[in-house]
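Residue numbers (our numbering), protein chains in the order written: chain B, 1 to 478; chain Y, 479 to 847.
No residue lacks a Cβ here, since even glycine has one placed at the ideal position from N, Cα and C.
What follows is a short report on a single structure.
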Amino acid sequence: MFKNYVANGVFDEMFMEEGKPRPHYEPVFRQLTNLSSSAFQRRRRMADITFRNQGITFTVYKDASGVERIFPFDLVPRIVPSAEWKLIERGLEQRITALNLFCKDVYHQQHILREKVIPPEMIYSARMFRREMIHVNVPNDIYIHVCGTDLIRDKDGNYLVLEDNGRTPSGVSYVLENRAVMKRVLPNLFDTYTVRAVEDYPFNLLQCLKELARHPVDDPTIVVLTPGIYNSAYFEHSFLARQMGVELVEGKDLIVDNSRVYMRTTAGLRLVDVIYRRIDDDFLDPLCFRPDSILGIPGLMNAYRCGNIALANAVGTGVADDKAVYPYVPAMIKFYLQQEPILNNVPTYVCAVDEDRNYVLEHLDELVVKSTNESGGYGMLMGHQASADERAEFARKIIHDPRNFIAQPVIQLSQHPSLVEDHFEGRRVDLRPYILYGKNVAITPGGLTRVALQEGSLIVNSSQGGGSKDTWVLEDAH
Amino acid sequence: MSTQSDNTEAKKSIKQDWAMQTQSVQNQFQSISFQGRIPRSPTGKPMLARVAESMYWMSRYMERAEHVARIVLVNFNMLMDLGELAPAMQEKQWQGVLRILRLDNLPEGQALLCASDRNVGQRVADFMTFNTINRNSLINCLTKARENARSIRESISAEMWETLNTLYWSLLSDDAKQRLEESPQQIFQSVMMGSLLFQGVSDQTLPHGQGWQFLQLAKYLERVDMTCRIIDTKFDFLRAEESTMETPLRNIQWMAVLRSCSSIEAYRRRHVGDLDPQRVAAFLILDKESPRTIRYCVKEAQSAVAGIAASVHPQEIDPAERILGRLNSQLEFAETREFSGMGLKYVLRQIQENTAEAASAIQRSYFLH
């Protein structure tokens, strides 16, 4: 099945050179070569049926043919050796620490702006900067409790940070479900490995949320707030609530009275202590943010500012994962921690800076342009693949509103063998580890490996036809 | 002698142990109460009103799907037996099915019966299975059951969700239409068994707390309503036609009534094959032990409401509990005589009115906070 497998001139996760797997992939490679194509197909179907019957799905917007889809699962696992993982872990911990210090600073003293490490106009023009949060104290001074950071590998195999998702990152449920399905359909693959477990994520998340309860009650009331069953990540919201054993609530289940938050139960109102919210700031409270939001809870921000309710993540963290603020993260690390960044950024041009903008406009055909306010692979220009018209249109947009755009050179993501029809081909992958930041930092070993299933595509987002893989972090070999 | 004294010694020491244990438990309680921590909800973990409502409707739609499948299937099979005996009966029988499901006034329902070819059965089967305009079609019932389940997945067991979801997808699979044409029996049977499996899975995987009580309550209310409708419609029909019917024909009809309520075996054992209309009615309404009878369901629904009320507001009497409790005693002390002639109609209407009132009382007490 590995016949005709080619390297495509990028970093290959499995192979050092043609036909020669890296040492940590060797046992998997051997087993896969011994498996016939039909046997492999059978497992794939088994996996698909499992996903469908268990309802492990996501919702695609603007799709007429049925809204629920299975997240395509690619059976070949991605393997990260323990030494590599240690480096990633250190780098992520450093980064989330700096991001949290940054949030606290930006909403209080603003040292980093006074000292011009980051231009103040960049922050004040960020759409996700929340003036409502200025001088509001949040529990334990933590803003980003849950972070999903996207990592990619350049052609030499170096890990780079592509973006931080510090608002409501999703996908962690697939990490757990992928592992469960993998154990079910290809148990033999685990034989010669010691793979680090991922199952304790919900437990760690619950601990992290418990720390936020203002009064140290034995059993604080914690809820997961979802926009509802039509949200694309609804499965995950319900999954996490189920795994943590807490209520999954919608906005209409909560009510604010006298600056306290209650949920409506069969026995009347019950006080709520902590909300793990999976609703964006914009929709959280119609009295404070978008007045047309019916997903939110009127008065929630007031209760929040009074300290009567804890939110994870805090309101206003969007300022830290704004794409135009991202280029300044290495500077934040130096400023707050006096350390050199362990994980590097992708070189980025900020269109709001004149010099950068001119460069971008001249080199549109070799850059990736991203809108700073979009996610999920929307609002992007892949310069080298776009037509002259598309490039011209983006040039107009950039000149019209430079703050809204950044550009990066095309990074050739690493590739990994994926099942394509009846054989394996190289497909581009990234990696999103999930970081929990409480009194301790807990990083789930591995994370979600997303695959661009289209040949040659560099876009791995599920909304753009991406799939995912089980990701194995190996235990140290003693 | 010595053994006996040993024995008494042993008993004494056990007694002492026991006393010490109780004391230490009491101490624990005291130490808890002295820490000044007041438990948040004295009546156990509270349940979201929305979750309770979804539990209720999930269960009701699942039960409804089971009844729809059974009613259509029974009629299908009966008409195969009747085919030679009474060819003109076809349309009237299907009319009866639509009436039970309150679809006889729908233009779509009328249209099914009007066409003159002989495939009425196949058309109704299709209409009752896949039609999305028909609010009682299997696909609509299961979709609603599943939508409700999907919104409370964290509150039901994984096994319940998987059972329901698998059943749903089996009806949506590409070959489902073909399967229905080849063997309607197979499809309807799979829905009936799916519903029963779901009930069994629920009983054995979900803690029997408030949520489970809502499942029970909804299931039994739905069953009472359906059973009333079946008896009412069928008795009307048979009263009008009976004089013209021959005995074998009549027996087939009465057996079909019992089958529609999944009660034929239980009835046979009770009355050794004697198919007397009054007895059939009395059995379906009053039998104490069969889980398909009205009295049994009312009793179970009442105890479910009582369970919910006890954990929510132990001091008060719940309005729904009161209604169901009264109805229960009425059924408990009813006389078969009351079911003769038009009395049956009156009794059935009363039962339906009572259960409807109970359902709206539940809505008011628990879902609208």
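Cβ shell of residue i (< 7 Å), same chain only, five flanking positions each side left out
i: Ile510/Y; result: Model confidence at Ile510/Y stands at a pLDDT of 37, short of 50, so the residue's coordinates are unreliable; what they give is reported in the following sentence. Closer than 7 Å at the Cβ level, and outside the excluded window around Ile510/Y, lies no residue.
i: Lys439/B; result: Glu211
i: Ile279/B; result: Leu225, Pro227, Leu295, Gly296
i: Thr814/Y; result: Gln756, Ala760
i: Arg427/B; result: Gln415, His416, Ser418, Val451, Ala452, Leu453
i: Ala213/B; result: Pro220, Asp273, Val274, Ala310
Backbone CA spacing between residue i and residue j [nearest angstrom]
i: Ser635/Y; j: Ala267/B; result: 23 Å
i: Leu413/B; j: Phe29/B; result: 21 Å
i: Ser633/Y; j: Tyr262/B; result: 19 Å
i: Pro517/Y; j: Pro524/Y; result: Its pLDDT being 37, under 50, Pro517/Y is placed unreliably in this model, and the coordinates cannot settle the point.
i: Ser293/B; j: Phe283/B; result: 5 Å
i: Val460/B; j: Val429/B; result: 7 Å
i: Phe761/Y; j: Ile742/Y; result: 10 Å
i: Gly689/Y; j: Ser170/B; result: 29 Å
i: Val420/B; j: Ala180/B; result: 22 Å
i: Cys208/B; j: Tyr437/B; result: 7 Å
i: Ala452/B; j: Ser738/Y; result: 53 Å
i: His384/B; j: Glu362/B; result: 13 Å
i: Thr486/Y; j: His686/Y; result: Reliability of the predicted coordinates at Thr486/Y is poor, the pLDDT of 48 falling under 50, and the value obtained from them is presented with this limitation in mind. Those two C-alpha atoms are separated by around 41 Å.
i: Ser272/B; j: Pro286/B; result: In the sequence on display, residue 272/B carries Val and not Ser. Going from the Cα of Val272/B to the Cα of Pro286/B covers about 19 Å.
i: Leu591/Y; j: Glu569/Y; result: 6 Å
i: Thr194/B; j: Glu475/B; result: 6 Å
i: Ile112/B; j: Ala98/B; result: 12 Å
i: Met244/B; j: Asp200/B; result: 10 Å
i: Cys103/B; j: Thr348/B; result: 21 Å
i: Leu248/B; j: Ile630/Y; result: 8 Å
i: Asp754/Y; j: Asp653/Y; result: 43 Å
i: Glu724/Y; j: Asn832/Y; result: 37 Å
i: Phe845/Y; j: Arg528/Y; result: 6 Å
i: Arg773/Y; j: Tyr539/Y; result: 21 Å
i: Ile829/Y; j: Leu650/Y; result: 36 Å
i: Tyr496/B; j: Leu337/B; result: With chain B covering only 1 through 478, there is no way to say anything about residue 496/B.
Chain Y residues whose Cβ lies nearer than 7 Å to that of residue i
i: Ala241/B; result: Glu632
i: Ser238/B; result: Arg631, Glu632
i: Ile79/B; result: Under the 7 Å cutoff, chain Y gives no residues; its nearest Cβ is about 29 Å from Ile79/B.
Residue i versus the options, residue with shortest Cα-Cα distance
i: Ala324/B; options: Glu89/B, Glu115/B, Asp12/B, Pro120/B; result: Pro120/B
i: Leu160/B; options: Ile118/B, Pro433/B, Asn344/B, Leu271/B; result: Asn344/B
i: Ser532/Y; options: Val758/Y, Ile763/Y, Arg628/Y, Met723/Y; result: Arg628/Y
i: Pro402/B; options: Val360/B, Phe424/B, Glu18/B; result: Val360/B
i: Glu640/Y; options: Val550/Y, Thr683/Y, Tyr745/Y, Ile611/Y; result: Thr683/Y
i: Asn158/B; options: Ile88/B, Tyr378/B, Cys288/B; result: Ile88/B
i: Asn258/B; options: Leu269/B, Gly251/B, Lys252/B, Thr265/B; result: Leu269/B
i: Thr771/Y; options: Asp796/Y, Asp604/Y, Thr705/Y; result: Thr705/Y
i: Glu625/Y; options: Asn597/Y, Leu642/Y, Ala812/Y; result: Leu642/Y
i: Arg842/Y; options: Leu658/Y, Ala787/Y, Arg601/Y, Met606/Y; result: Ala787/Y
Under 9 Å from the C-beta of residue i: neighbouring residues of chain Y
i: Leu189/B; result: What Leu189/B touches in chain Y: nothing, since even the nearest Cβ is about 24 Å away.
i: Ile229/B; result: Glu625, Arg628, Ser629
Contact with chain D by residue i, beta-carbon distance below 8 Å
i: Leu248/B; result: Of the protein chains in the structure, B and Y, none is chain D.
Residues of its chain near residue i, where Cβ-Cβ distance is below 6 Å and the 5 sequence neighbours each way are ignored
i: Arg22/B; result: Met16
i: Gly803/Y; result: Gln780
i: Arg827/Y; result: none
i: Val350/B; result: Ala324, Pro327, Asp356, Ile406
i: Glu544/Y; result: Met670, Ser673
Chain-order list of residues whose beta-carbon lies under 8 Å from that of residue i (same chain, five-residue window excluded)
i: Glu163/B; result: Thr149, Asp150, Asp321, Lys323, Tyr326
Neighbour list for residue i in chain B, Cβ cutoff strictly below 9 Å
i: Thr683/Y; result: Here the premise fails: no neighbours, minimum Cβ distance about 13 Å.
Cβ-Cβ separation, residue j to residue i (assumed contact under 8 Å), whole Å
i: Val702/Y; j: Val790/Y; result: Incorrect: roughly 23 Å between the Cβ atoms, too far for contact.
i: Thr372/B; j: Phe394/B; result: That pair is no contact at about 14 Å.
i: Phe58/B; j: Arg69/B; result: 6 Å
i: Ala303/B; j: Val256/B; result: 5 Å
i: Leu189/B; j: Pro341/B; result: Actually they do not touch by this definition, with Cβ atoms about 35 Å apart.
i: Arg95/B; j: Ile333/B; result: 7 Å
Proximal chain Y residues relative to residue i, where beta-carbon distance stays under 8 Å
i: Gln408/B; result: None at all; the shortest Cβ gap to chain Y is about 39 Å.
i: Arg264/B; result: Leu526, Ala527, Arg528, His847
i: Asn53/B; result: Glu640, Asn643, Thr644, Trp647
Any non-hydrogen atom of the ligand SAM closer than 7 Å to residue i Cβ
i: Val80/B; result: The ligand content of the structure shown is nil, which means the ligand SAM is not present either.
Interface residues of chain B facing residue i [CB-CB closer than 7 Å]
i: Gln688/Y; result: Thr266
i: His545/Y; result: Near His545/Y there are no residues of chain B at all, since even the closest Cβ is about 25 Å away, more than 7 Å.
Residues that residue i contacts on chain B, provided the C-beta gap is smaller than 8 Å
i: Val790/Y; result: Thr266, Ala267
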